[in-house]
DNA sequence: GAAGCTGATGCTACACTATAACAAAGGCCC
DNA sequence: GGGCCTTTGTTATAGTGTAGCATCAGCTTC
Ligand SMILES: [Zn+2]
Ligand SMILES: [Zn+2]
Ligand SMILES: [Zn+2]
Ligand SMILES: [Zn+2]
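Protein chains in written order, with my numbering: chain B, 1 to 161; chain Y, 1001 to 1161.
Structure below.
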């Protein structure tokens, strides 16, 4: 992980351009390595998702995309989002039906998301203890885990103050 | 928790009538204690959700409800589901947009759900270590946690075999 | 270079999930 | 009876996500 800035938390003020550049660079590198196509359309969608650290709905992406890409329709967006999720470049926040740029793209992981209900900022956290607890619980139930959703809603440090 | 049978896991074979009866009895008691109305409509919806240990979609509930309740419409169902969720009698499975009877109604809790992608059976588990890990992670991020979603998809013991 | 293949996008229509807004009905208190 | 609150009825619409097939561009193969 050479992308220091992208690992900043979802603080209210920081140089977010760095986050975006890092995310795009990482995405290009990863897709090149894997031999999959990060087309201009897909890159644009990734860029839109990365506009902020708030999860963004598919139809918000569509509205934004349509400014520069007149032929954009729901399938256009959903296909790009599906691609980006398959490559681990974005996550879907299930409790919001919205999408968020991944700050750990490349390393396979299943994050924990802290979602502020006031400002919307959402932070992705990796937590070995959480992983251990989930693995242990699955094992105890003899359940073969494949996909995880761990989301906590509440108030971020700034908004709670 | 005197409702032993409801604490059975989502095994493929068990006496599910006991689950339903336990859930309805608990619901009636809880609502009486709290002075809220478990009306016939709401009880019927709870019964429908408890038809199985698989999460059930709102429109499935509607179809089933409409058999005995001709005036049923989407708001009818969603209002009942909202009530049941507010009273902690059912949970929403966010990754499926579906609803599941709660096996620990009454005790405030935030469960872990193991969702079998093959048979659909979904088990709710309470896990102190998971709670501790989530509390710790929230605290470290100075995040004030309010609502949790923890869902694991995969294969249950029976379906993995 | 024509034919055929593959992956990506265009395009229309539709399915599924959820809520807004207001009316009507019933119980309860005074 | 009148006012209040909760629940349900009713119509319409908003929001989220897919199916299915056409087209196009790049590549391979002959
Ligand atoms: Zn940023
Ligand atoms: Zn906040
Ligand atoms: Zn059962
Ligand atoms: Zn199963």
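Don't be surprised by glycine CBs; every beta carbon is placed ideally from N, CA and C.
- Looking from the CA of residue 83 of chain B, the closest CA among B:141, B:39 and B:14 belongs to B:39.
- Apart from the 5 residues on each side of it in sequence, residue 1127 of chain Y sits with its Cβ closer than 6 angstroms to the Cβ of 1112 in its chain, given in chain order.
- In the three-state DSSP reduction, residue 1137 of chain Y falls in the helix class (H, G or I).
- Around the CB of residue 1135 of chain Y, fewer than 16 other CB atoms lie within 10 Å, so the residue is classed as exposed.
- For residue 129 of chain B, the closest Cβ of chain Y is nearer than 7 angstroms.
- By the rule that beta-carbons nearer than 7 angstroms mark a contact, residue 1158 of chain Y does not touch chain B.
- At a cut-off of 6 angstroms, the beta-carbon of residue 1116 of chain Y counts as near ligand 4: some heavy atom of the ligand is closer than that.
- Scanning B:138, B:155, B:142 and B:23 for the CA closest to the CA of residue 1150 of chain Y turns up B:138.
- At least one CB atom of chain Y sits nearer than 7 angstroms to the CB of residue 155 of chain B.
- Bridge partners of residue 39 of chain B according to DSSP: none are assigned.
- Distance from the C-beta of residue 1121 of chain Y to the nearest heavy atom of ligand 4 is below 6 angstroms.
- Around ligand 3, the residues whose beta-carbon falls short of 5 angstroms from at least one of its heavy atoms are Y:1016 and Y:1019, given in chain order.
- No Cβ-Cβ contact shorter than 7 angstroms links residue 27 of chain B with residue 1129 of chain Y.
- Here residue 1061 of chain Y is not bridged, per DSSP, to any residue.
- At a cut-off of 7 angstroms, the C-beta of residue 67 of chain B has no neighbouring C-beta in chain Y.
- Secondary structure note for residue 1033 of chain Y: its alpha helix (DSSP H) is the uninterrupted segment 1016 to 1034.
- For residue 1159 of chain Y, the enclosing alpha helix (DSSP H) stretches over residues 1157 to 1160.
- Non-local C-beta neighbours of residue 1096 of chain Y in its own chain, meaning closer than 6 angstroms and more than five positions away in sequence, comprise 1055, ordered along the chain.
- Residue 60 of chain B has its alpha-carbon roughly 29 angstroms from the corresponding atom of residue 1085 of chain Y.
- Linking residue 98 of chain B to residue 1066 of chain Y through their CA atoms gives a straight-line distance of about 32 angstroms.
- Taken from the Cβ of residue 159 of chain B, at least one heavy atom of ligand 2 lies inside 6 angstroms.
- Burial of residue 77 of chain B is indicated by the presence of at least 16 other C-beta atoms within 10 angstroms of its C-beta.
- Neighbourhood of residue 141 of chain B in chain Y, by CB distance below 9 angstroms: 1009, 1114, 1123, 1125, 1156 and 1157, in chain order.
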